[in-house]
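Asker:
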Amino acid sequence: MLDINYIRDNKAKVEDAIRNKGEEDVSVVKNVLEVDESWREKVQLVDGMRNESNVKAKEIGKLMGQGKKEEAQAIIQETSALKEKVKEHEEALNKLKGERDDLLLKIPNVPHSSVPVGATEDDNEVFKNWGNINKDEWRKPHWDIVERHGWVDFERGVKVSGAGFPFYVGAVAQLQRALINYFINEAAQKGYTELQAPYLVNEDSARGTGQIPDKEDMMYVIPRDELFAIPTAEVPVTNFHRGEILAEADIPKKYVCYTPCWRREAGSYGKDVRGLNRLHQFDKVELVKMVKPEHSYEELENLRKHAEGLLEALELPYRTLLMCTGDMGFTQSKKYDLEVWSPGQQRWLEVSSCSNFESFQARRMQLRYRNEEKKTEIVHTLNGSGLALPRVVSAILEAYQEEDGKVRVPDVLKGFIGRDYL
RNA sequence: GGAGAGGUGGCUGAGUGGCUUAAAGCGCUCCCCUGCUAAGGGAGUAUACCGUCAACACGGUAUCGAGGGUUCGAAUCCCUCCCUCUCCGCCA
21 MLDINYIRDN KAKVEDAIRN KGEEDVSVVK NVLEVDESWR EKVQLVDGMR NESNVKAKEI
81 GKLMGQGKKE EAQAIIQETS ALKEKVKEHE EALNKLKGER DDLLLKIPNV PHSSVPVGAT
141 EDDNEVFKNW GNINKDEWRK PHWDIVERHG WVDFERGVKV SGAGFPFYVG AVAQLQRALI
201 NYFINEAAQK GYTELQAPYL VNEDSARGTG QIPDKEDMMY VIPRDELFAI PTAEVPVTNF
261 HRGEILAEAD IPKKYVCYTP CWRREAGSYG KDVRGLNRLH QFDKVELVKM VKPEHSYEEL
321 ENLRKHAEGL LEALELPYRT LLMCTGDMGF TQSKKYDLEV WSPGQQRWLE VSSCSNFESF
381 QARRMQLRYR NEEKKTEIVH TLNGSGLALP RVVSAILEAY QEEDGKVRVP DVLKGFIGRD
441 YL
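To convert a position in the first sequence, counted from 1, into the numbering used here, add 20.
1. Counting pairs of beta carbons, one from the region 309 to 319 and one from the region 269 to 276, are three or more of them closer than 8 Å?
2. Could you round the C-beta distance between residue 281 and residue 248 to whole angstroms and report it? I think they count as a contact, below 8 Å.
3. Checking 9 Å against the spacing of the C-beta atoms, do residue 123 and residue 55 come in under that value?
4. Report the start-end ranges of each beta strand (DSSP E) in the region 314 to 383 that is 3 residues or longer and not cut off at the edges.
5. What residues in its chain sit with their C-beta under 7 Å from that of residue 28, if we drop five residues either side in the sequence?
6. Are the region 375 to 392 and the region 255 to 265 touching, with three or more C-beta to C-beta distances below 8 Å?
7. Closest to residue 269 by C-alpha separation, out of 289, 389 and 415, would be which residue?
8. Write down the C-beta distance between residue 147 and residue 356 rounded to the nearest angstrom, noting that I regard them as a contact closer than 8 Å.
9. Which runs of the beta strand (DSSP E) at least 3 residues long sit entirely within the region 122 to 163? Give them in chain order.
10. Helix, strand or coil: how does DSSP classify residue 278 here?
11. Here's a check: name, in chain order, each residue in its chain whose Cβ is nearer than 8 Å to the Cβ of residue 237, leaving out the five neighbours to either side.
12. Per DSSP, what kind of secondary structure is residue 209 in: helix, strand or coil?
13. Can you name the start and end residues of the alpha helix (DSSP H) that residue 258 belongs to?
14. Compare the C-alpha of residue 139 against each of 37, 74 and 217 and name the closest.
15. Could you round the C-beta distance between residue 207 and residue 436 to whole angstroms and report it? I think they count as a contact, below 8 Å.
16. Using the rule of at least 16 other Cβ atoms within 10 Å of the residue's Cβ for burial, across every protein chain shown, is residue 338 buried or exposed?
17. Got a sec, what are the start and stop residues for the beta strand (DSSP E) residue 405 sits in?
18. Are residue 134 and residue 369 touching if we call contact CB-CB under 9 Å?
19. Is it true that the region 90 to 99 meets the region 36 to 50, where meeting means three or more beta-carbon pairs spaced less than 8 Å apart?
20. Please classify residue 242 as buried or exposed, where buried requires at least 16 other C-beta atoms within 10 Å of its C-beta.
21. Please list the terminal residues of the continuous beta strand (DSSP E) segment that includes residue 310.
22. Starting from residue 226 and walking both ways along the alpha helix (DSSP H), at which residues does that stretch end?
Laid out in structure tokens, this is it:
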């Protein structure tokens, strides 16, 4: 959610942001300003009437205390009429407030000036390339490798839950657990606090990080208990401090959290969902930061470098994309995607997405800190995957496979797995 | 899930319809006093929104778990919900 005062002062900028993010109709900006204008007029009117009514109620109290009942009765008559009037205007006031807030929630975050303007993924900028991509023709895609060894059981996953809910068996289950531990350890070493978070969240939390109203369809819903299965640890972790005012000394807050993630992924098909490429349930280690506004872009670069460092340590070639305005999503102001090279499929797979939300999420959830002047200020929130598991597993299986079918264990994981081959 | 008791500023805690502008204490900030590991005095100390102002500030409104209701007036009375504690039940 943007600051209404910002929208008032930067109408054209906000309209451009909406267009650049791929929405043609920008009338929401004009609408919200008009509704806000009427709301503010109404607030003044109603506050004035409430003031009058409060003053009179106090007089009545005084007179009653002195036993002057008749004089009190006269004023009660006056205020009864006033009360009716206040009630009428209050209804209009609440309606305007609701309209204003609904409209505000429909306005996307404004992209940072360093973000390329573009419509589709073709307009994303390749920010960085690391490693030499492997084009060996004998390399098999990971679904062949896991089938040969019985490492992932898709069929039984379908039986038990449905498509997109595989079982990991034996060595790959172990590999995945090793990666989770490795990722968490790396973050903890860099000062992130490890968190274990709820996997089900309430509606306020889903709204706080912007899944509602924008991306409602991505989530699994448990209607009976009014809960949502988290699509990413971003949701519980960013909401951890919702509604709080943090002390200046307490920020930056840095959290690392492993969770499974559930996504409905409606409308996916074909090679995109083959094997482990896209699942309804997958594991992810997530990094979340809450920082002072003046540091958020510096912190975004640190976040990106941290995620890149994990792929480098695993010796997996990757590229980093700077997402263009049209491909970056509703809530972000700047976003990098990390894509690992999948040598068995000869394609890039997204394994991390590092974003700065500036104050967009924090304003919704009223997450603030007290600055040097003792004034409250909205913090900036960031998050990034570090990293998403199944695609890293795929890349490892494909990159570390040998011609005889064996798969080597990456050096940094040997301590967790205790042998040289899976 | 059942029964009972509760939810009040950063914390403790008083407050059964109007002299409450939420007492008092603790903590914190600033000032004053004080030649010695101490103590005393004074002032201040929530959040959001609206308005005035160049700014410092000032005025108004709302908020005593949340949302409704009764009333001229609600922390206080009524209804619904949420949460905490105690006991029982269930349970890894």
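Positions of the beta carbon are idealized from the N, C-alpha and C atoms, including for glycine.
Answerer: Answer, in terms of the structure:
1. Using a Cβ-Cβ distance cut-off of 8 Å, the region 309 to 319 and the region 269 to 276 are in contact, since at least three pairs of beta carbons, one from each stretch, lie closer than that value.
2. For the purposes of this step, residue 281 is identified with residue 261 of the first sequence, where counting begins at 1. For the purposes of this step, residue 248 is identified with residue 228 of the first sequence, where counting begins at 1. Residue 281 to residue 248, Cβ: 12 Å. No contact.
3. Taking the first residue of the first sequence as position 1, residue 123 is located at position 103. Taking the first residue of the first sequence as position 1, residue 55 is located at position 35. Taking 9 Å as the Cβ cut-off, residue 123 and residue 55 qualify as a contacting pair.
4. Counting whole runs of 3 or more residues, the region 314 to 383 contains the beta strand (DSSP E) stretches 338 to 342, 354 to 362 and 367 to 376.
5. Looking up residue 28 in the first sequence gives position 8. Only residues of its own chain outside the window of five on either side were considered, and among them 53 have a CB closer than 7 Å to the CB of residue 28, listed in chain order.
6. Result yes; three or more Cβ-Cβ pairs closer than 8 Å.
7. As a working mapping, residue 269 is identified with position 249 in the first sequence. Distance from the Cα of residue 269 is smallest, within the candidate group 289, 389 and 415, for 389.
8. Reading the first sequence from its first residue, position 127 is the one you call residue 147. Reading the first sequence from its first residue, position 336 is the one you call residue 356. With 8 Å as the limit, residue 147 and residue 356 qualify as a contact, their Cβ atoms being about 6 Å apart.
9. DSSP runs (the beta strand (DSSP E)) wholly in the region 122 to 163: 145 to 150.
10. Taking the first residue of the first sequence as position 1, residue 278 is located at position 258. DSSP, read as helix, strand or coil, puts residue 278 in strand.
11. Start at 1 with the first residue of the first sequence, and residue 237 comes out as number 217. Once the five neighbours on either side are set aside, the close Cβ partners of residue 237 are 284 and 286.
12. If you number the first sequence from 1, residue 209 lands on position 189. If DSSP states are grouped into helix, strand and coil, residue 209 belongs with the helices.
13. What you label residue 258 is simply residue 238 of the first sequence in a count that begins at 1. Bounds of the alpha helix (DSSP H) holding residue 258 are 254 to 258.
14. Mapped onto the first sequence, residue 139 falls at position 119. In terms of CA proximity to residue 139, 37 leads the group 37, 74 and 217.
15. Position 187 of the first sequence holds residue 207. Position 416 of the first sequence holds residue 436. Not really, about 15 Å apart at Cβ, beyond 8 Å.
16. Against the first sequence, residue 338 aligns to sequence position 318. Under this definition residue 338 is a buried residue.
17. By one-based count along the first sequence, residue 405 stands at place 385. Here the beta strand (DSSP E) through residue 405 covers 400 to 408.
18. Here residue 134 corresponds to residue number 114 of the first sequence, with the count starting at 1. Here residue 369 corresponds to residue number 349 of the first sequence, with the count starting at 1. Against a cut-off of 9 Å, the Cβ pair of residue 369 and residue 134 comes out as no contact.
19. Because the criterion of three Cβ pairs below 8 Å is not met, the region 90 to 99 and the region 36 to 50 do not touch.
20. Position 222 of the first sequence, counted from the first residue, corresponds to residue 242. Residue 242 comes out exposed.
21. As a working mapping, residue 310 is identified with position 290 in the first sequence. Residue 310 -> beta strand (DSSP E) spans 301 to 311.
22. Here residue 226 refers to the residue found at position 206 when the first sequence is read from its first residue. Note, residue 226: alpha helix (DSSP H), 223 to 228.
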